[in-house]
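Engineer: My structure is below; once you've seen it, I'll send some questions.
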Amino acid sequence: DWTMGAYREEAIRKIREQVGGGKVICGLSGGVDSSVAAVLIHEAIGDQLTCVFVDHGLLRQGEAEQVVGMFRDTYNIPLIHADESDLFLTALEGVSDPEVKRKTIGRLFVEVFEKHAKSVGGAQFLAQGTLYPDVIESVSFSGGPSVTIKSHHNVGGLPEKMGMKLVEPLRELFKDEVRALGRELGLPPAFIGRHPFPGPGLAIRCPGAITRDKLDILRQADAVFIDQIRRHGLYDEIWQAFVALLPVRTVGVMGDGRTYDYACALRAVTSVDGMTADYYPFSHDFLGETATRIINEVRGINRVTYDITSKPPGTIEWE
Ligand code: XMP
């Protein structure tokens, strides 16, 4: 792709110009955006870059292993795997408001990044995979007055407090362009095709207060749903798919016993850039089979619903 080839060269030039001989840390989430940003910056400045993968205890099943494995084994990019789940989950105890969750998580990310900026010998720059839609969604909505719908913590705010300068080489790109750039940089196709995953992770897929038990249940149900989608060859047709664990328990019957367990909602949407979205039209067979599998395989869930709200008026995430 000649366009992305040119973009790559230009981006590398700008990164070198901005950073000079300085040190950069890059928050790696395992998503396509931060991964593409990391590989691009590494190409520009080599080992002046250190990636920090923060495990906040709100990741999906197997996610930390996958991401750390890929960056250490395939890319040889210096990587710190910061297991901070206790820090995050303790701070989130009893927090049910979505914006308080985001702000708490954002504040702790700052703390963890500050710690590691020091630990690599004083990094002056923080790199993020911020995209164009992140920039505009956090500022205005539908061209109307400035209203913050959701305060994505990877947009603004962080570096002023931290005294670090931002390096955001993807700030002008939409998602499909980031994927094209990722292909240009030679990232594996399976990785480039990964669904987006929000910085606050499972915290915003567990409406209401979060507990470790709920997170365990949510992780298992989510893994079954994604497995179903892959088995049916639907993964690449879908923009994002996940389970939200609802803060409500319902009565069910299993064998000859009564159950009183959580309800969950399946969410799957198609989208081009995340700013608008349509719910995915699964067949009833697929939905039925998925519900049966989740209820049989996941202890703690006895009811499965499918969310058929598009965006707008819904948002993709439940919080
Ligand atoms: P919504 O739910 O606003 O999501 O329709 C649009 C896209 O943004 C992701 N999202 C987030 N990403 N921090 C992030 O890094 C956040 O706080 C956040 N909230 C939503 C969401 O997964 C979807 O791709």
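Note that the sequence shown covers residues 201 to 519 in UniProt numbering.
A virtual CB, placed ideally from N, CA and C, is assigned to each residue, including glycine.
What residue ranges within the segment 431-509 form continuous beta strand (DSSP E) runs of no fewer than 3 residues, ordered along the chain?
Structural biologist: For the segment 431-509, whole beta strand (DSSP E) runs of length 3 or above, ordered along the chain, are 440-454, 457-470 and 501-506.
Engineer: Give the straight-line distance between the Cα atoms of Ile215 and Val367, rounded to the nearest whole angstrom.
Structural biologist: Translated into positions along the sequence shown, residue 215 becomes position 15. Translated into positions along the sequence shown, residue 367 becomes position 167. Computed Cα separation, rounded: 7 angstroms.
Engineer: Using DSSP with H/G/I as helix, E/B as strand and the rest coil, what is Gly401?
Structural biologist: For the purposes of this step, residue 401 is taken as the residue at position 201 of the sequence shown. Helix, per DSSP.
Engineer: Count the other C-beta atoms from every protein chain shown that fall within 10 angstroms of the C-beta of Lys301, then say buried if there are 16 or more, exposed otherwise.
Structural biologist: If you number the sequence shown from 1, residue 301 lands on position 101. Counting Cβ neighbours within 10 Å, Lys301 comes out buried, since at least 16 surround it.
Engineer: Can you tell me whether His484 is buried or exposed? The criterion is at least 16 other CB atoms within 10 Å of its CB, across all chains shown.
Structural biologist: Mapped onto the sequence shown, residue 484 falls at position 284. Looking at its Cβ environment, which holds fewer than 16 other Cβ atoms inside 10 Å, His484 is exposed.
Engineer: Going by DSSP in three states, Gly343 sits in which element: helix, strand or coil?
Structural biologist: Residue mapping note: residue 343 aligns to position 143 of the sequence shown, counting from 1. Because Gly343 carries a pLDDT of 44, less than 50, the predicted location of this residue cannot be relied on, and no value is offered for it.
Engineer: DSSP three-state call for residue 528: helix, strand or coil?
Structural biologist: Residue 528 cannot be examined here, being either before or after the span of the chain that is shown, 201 to 519.
Engineer: Strictly by DSSP, which residues pair up with Asp283?
Structural biologist: By one-based count along the sequence shown, residue 283 stands at place 83. Answer by DSSP bridge pairing, in chain order: Asp255.
Engineer: Which residues mark the beginning and the end of the beta strand (DSSP E) in which Val295 is found?
Structural biologist: One-based indexing of the sequence shown puts residue 295 at position 95. Note, Val295: premise wrong, no beta strand (DSSP E); not H, not E.
Engineer: Since Ile438 and Ala477 should fall inside the 8 angstroms C-beta cutoff, what is the C-beta to C-beta distance between them, to a whole number of angstroms?
Structural biologist: In the sequence shown, the residue the question calls residue 438 occupies position 238. In the sequence shown, the residue the question calls residue 477 occupies position 277. No, Ile438 and Ala477 are not in contact; Cβ-Cβ is about 10 angstroms, not under 8 angstroms.
Engineer: Are the beta-carbon atoms of Ile501 and Ile494 separated by less than 7 angstroms?
Structural biologist: Along the sequence shown, read from residue 1 onward, the residue named residue 501 stands at position 301. Along the sequence shown, read from residue 1 onward, the residue named residue 494 stands at position 294. Contact flag set, yes.
Engineer: Indicate whether the contact test is met: 3 or more Cβ pairs, each with one atom in the segment 286-305 and one in the segment 239-253, closer than 8 angstroms.
Structural biologist: Because the criterion of three Cβ pairs below 8 angstroms is not met, the segment 286-305 and the segment 239-253 do not touch.
Engineer: Examine the ligand XMP and report whether any of its heavy atoms sits within less than 6 angstroms of the Cβ of Gly399.
Structural biologist: Looking up residue 399 in the sequence shown gives position 199. Yes; taking the cut-off as 6 angstroms, the Cβ of Gly399 has a heavy atom of the ligand XMP nearer than that.
Engineer: Rounded to whole angstroms, what is the Cα-Cα separation between Lys223 and Ile245?
Structural biologist: To locate residue 223, count along the sequence shown from 1; it is residue 23. To locate residue 245, count along the sequence shown from 1; it is residue 45. Taking the straight line joining both Cα atoms gives about 9 angstroms.
Engineer: Per DSSP, which residues does Val378 bridge with? Please list them.
Structural biologist: Translated into positions along the sequence shown, residue 378 becomes position 178. Answer is none; Val378 lacks a bridge partner.
Engineer: Measure the Cβ-Cβ separation of Gly474 and Pro333 and say whether it is below 7 angstroms.
Structural biologist: As a working note, residue 474 is residue 274 in the sequence shown. As a working note, residue 333 is residue 133 in the sequence shown. It is a contact, given that the beta carbons lie within the stated cut-off.
Engineer: So which of Leu287, Ala211 and Val424 has the shortest CA-CA distance to His310?
Structural biologist: For this step, residue 310 is matched to residue 110 along the sequence shown. The sequence shown places Val at residue 310, not His. The shortest Cα separation from Val310 among Leu287, Ala211 and Val424 belongs to Leu287.
Engineer: Taking 7 angstroms as the limit between beta carbons, can you name the residues of its chain near Glu384, skipping five residues before and five after?
Structural biologist: The residue labelled residue 384 in the question sits at position 184 within the sequence shown. Cβ neighbours of Glu384 beyond the five flanking positions: Asp201, Met204, Gly205 and Arg208.
Engineer: What I want to know is whether the C-beta of Pro388 ends up closer than 6 angstroms to one or more non-hydrogen atoms of the ligand XMP.
Structural biologist: As a working mapping, residue 388 is identified with position 188 in the sequence shown. No.
Engineer: Check Thr250 in the structure and name its three-state DSSP category.
Structural biologist: Translated into positions along the sequence shown, residue 250 becomes position 50. It is a strand residue.
Engineer: Answer yes or no: the CB of Glu372 versus the heavy atoms of the ligand XMP, is any distance below 6 angstroms?
Structural biologist: Here the question's residue 372 lines up with position 172 in the sequence shown. Flag unset: Cβ of Glu372 not near the ligand XMP.
Engineer: Hey, would you say the C-beta of Pro396 is under 6 angstroms away from at least one heavy atom of the ligand XMP?
Structural biologist: Locating residue 396 in the sequence shown gives position 196, counting from the first residue. Pro396 Cβ: within cutoff of the ligand XMP.
Engineer: Between the segment 398-407 and the segment 279-286, can you find at least three pairs of beta-carbon atoms closer than 8 angstroms?
Structural biologist: No contact exists between the segment 279-286 and the segment 398-407.
Engineer: Quick check: does the Cβ of Gly363 come within less than 6 angstroms of any heavy atom belonging to the ligand XMP?
Structural biologist: As a first step, residue 363 is located in the sequence shown; it is residue number 163 there, counting from the start. Gly363 Cβ: outside cutoff for every heavy atom of the ligand XMP.
Engineer: Looking at C-alpha atoms only, which residue of Lys303, His256 and Gly386 is the closest neighbour of Ala282?
Structural biologist: Residue 282 sits at position 82 when you count from the first residue of the sequence shown. Here the closest residue by C-alpha is His256.
Engineer: Can you find at least 3 beta carbon pairs, one from the segment 224-239 and one from the segment 259-279, that sit closer than 8 angstroms?
Structural biologist: Segments in contact, yes.
Engineer: Excluding the five sequence neighbours on either side, which residues of its own chain have a C-beta within less than 8 angstroms of the C-beta of Val378, listed in chain order?
Structural biologist: As a first step, residue 378 is located in the sequence shown; it is residue number 178 there, counting from the start. So the qualifying residues of the chain are Val232, Asp233, Val236, Gly329, Leu331 and Leu370.
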